[in-house]
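K.L.:
Have a look at this one before I ask anything.
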Amino acid sequence: MMNIILMEFGVLLLTVTVLLLIGLQLSKRQRERVSDKQSAYRKAVEIDSDEMFLHGIKTGVGNAFVYGTVSAEDPVTAEWTPGPCILAQVDTEHYTMHTRWVTKTRVLPQGKTETYQEMETYYTWDCIYKNILHAQKIRFRGQILPYQSISFPPPAQYKVLYQGPDVRYRYYVLNSPITGTVFTTLTRDGMKKGSRFYCNLNLKEAKSRALEGENRQMPLFWLIWAIITVSLALPVCLLALPFVINFASAWH
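My numbering puts the first residue of the sequence shown at 105, with every later residue one more than the last.
Written as structure tokens, this is what we have:
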């Protein structure tokens with residue numbers, strides 16, 4: 105029995121060691137990526153005027169934090185929006201019945217505990233359709249740009265309307281204008297597509313937020329890798345157990 109325990113421990117140790125070595129290699133790449141991103145944030149040009157922004161595009165200045173106000177050049181307007189919007193969204197939701205099997209326990213008259221399964225009914229609001237409207241052009245720092253130039257924050261919920269007990273509509277809007285800082289790459293062709301927008305943050309606050317986000321990447325990586333290691337190491341040991349027992353029996 106002791107031999108089996110020692111051999112199983114050896115299998116566990118070997119598995120953890122292999123996964124740890126793989127994690128070290130992956131963490132090296134992750135660390136390099138984080139370092140590159142942090143370097144890009146620290147070296148990025150800070151722009152807070154229309155003239156600097158236009159000059160940055162003309163010269164292809166590269167990475168930049170740009171503070172300013174974004175407005176829709178062709179704003180979305182609808183009867184249910186509070187005013188001109190960059191984006192408006194309506195989610196249609198149905199109150200839907202679902203079933204699932206749940207495991208329960210009960211005490212029998214004899215005093216014994218019995219485990220049994222029972223079908224449970226529950227209800228949730230499920231989105232069955234999304235209607236999203238957004239501007240095609242936006243204005244930022246005096247330049248007219250495609251809507252896709254900026255990755256905007258999620259729209260805020262504006263209101264909820266019910267149509268009977270089983271149907272409701274959630275309304276979301278991204279108002280125009282909004283102010284904040286964009287981290288982007290400026291080239292002679294314009295601004296990088298999908299540039300991140302830090303809503304209501306000035307240049308220093310946006311740079312600090314960006315650096316803090318990268319600082320969390322390595323601890324998050326090792327937390328996820330530790331979970332992966334545990335979830336893989338234990339099944340490997342269980343799979344190896346029959347072979348270990350057979351080997352130990354043959355060895356004896």
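All C-beta atoms in this analysis are idealised placements derived from N, C-alpha and C, irrespective of residue type, glycine included.
Check whether the stretch 205 to 221 and the stretch 255 to 266 are in contact - that is, three or more C-beta pairs closer than 8 Å.
P.N.:
no
K.L.:
According to DSSP, simplified to helix, strand and coil, what is residue 169?
P.N.:
Residue 169 falls in the strand class under three-state DSSP.
K.L.:
If contact is defined by three or more beta carbon pairs under 8 Å, each pair taking one atom from either stretch, is the stretch 274 to 293 in contact with the stretch 176 to 191?
P.N.:
yes
K.L.:
Bridge partners for residue 290 per DSSP, in chain order?
P.N.:
166, 295
K.L.:
Could you spell out where the alpha helix (DSSP H) holding residue 318 opens and where it closes?
P.N.:
307 to 319
K.L.:
So for residue 181, helix, strand or coil by DSSP?
P.N.:
coil
K.L.:
What are the start and end residues of each continuous beta strand (DSSP E) run of 3 or more residues lying completely inside the stretch 217 to 258, in chain order?
P.N.:
217 to 238, 241 to 244, 247 to 250
K.L.:
For residue 123 and residue 320, what's the separation of their Cα atoms in angstroms?
P.N.:
The C-alpha of residue 320 is placed about 22 Å away from the C-alpha of residue 123.
K.L.:
Based on DSSP bridge pairs, tell me the residues matched to residue 274.
P.N.:
195, 264
K.L.:
Return the Cβ separation of residue 311 and residue 171 in integer angstroms, given the expectation that the two are a contact with Cβ distance under 8 Å.
P.N.:
Not quite, the Cβ-Cβ distance comes to about 11 Å (not below 8 Å), so this is no contact.
K.L.:
Alpha carbon to alpha carbon, how far is residue 198 from residue 289? Give it in angstroms, no decimals.
P.N.:
It is roughly 42 Å from the alpha-carbon of residue 289 to the alpha-carbon of residue 198.
K.L.:
What number of angstroms, rounded off, separates the C-alpha of residue 119 from the C-alpha of residue 335?
P.N.:
11 Å
K.L.:
What is the rounded straight-line gap between the Cα of residue 238 and the Cα of residue 253?
P.N.:
13 Å
K.L.:
Using the Cβ count rule (16 or more neighbours within 10 Å means buried), how would you classify residue 58?
P.N.:
Outside the displayed span of the chain (105 to 356) sits residue 58, for which this structure offers no information.
K.L.:
State the DSSP-derived secondary structure class of residue 175, mapped to helix, strand or coil.
P.N.:
strand
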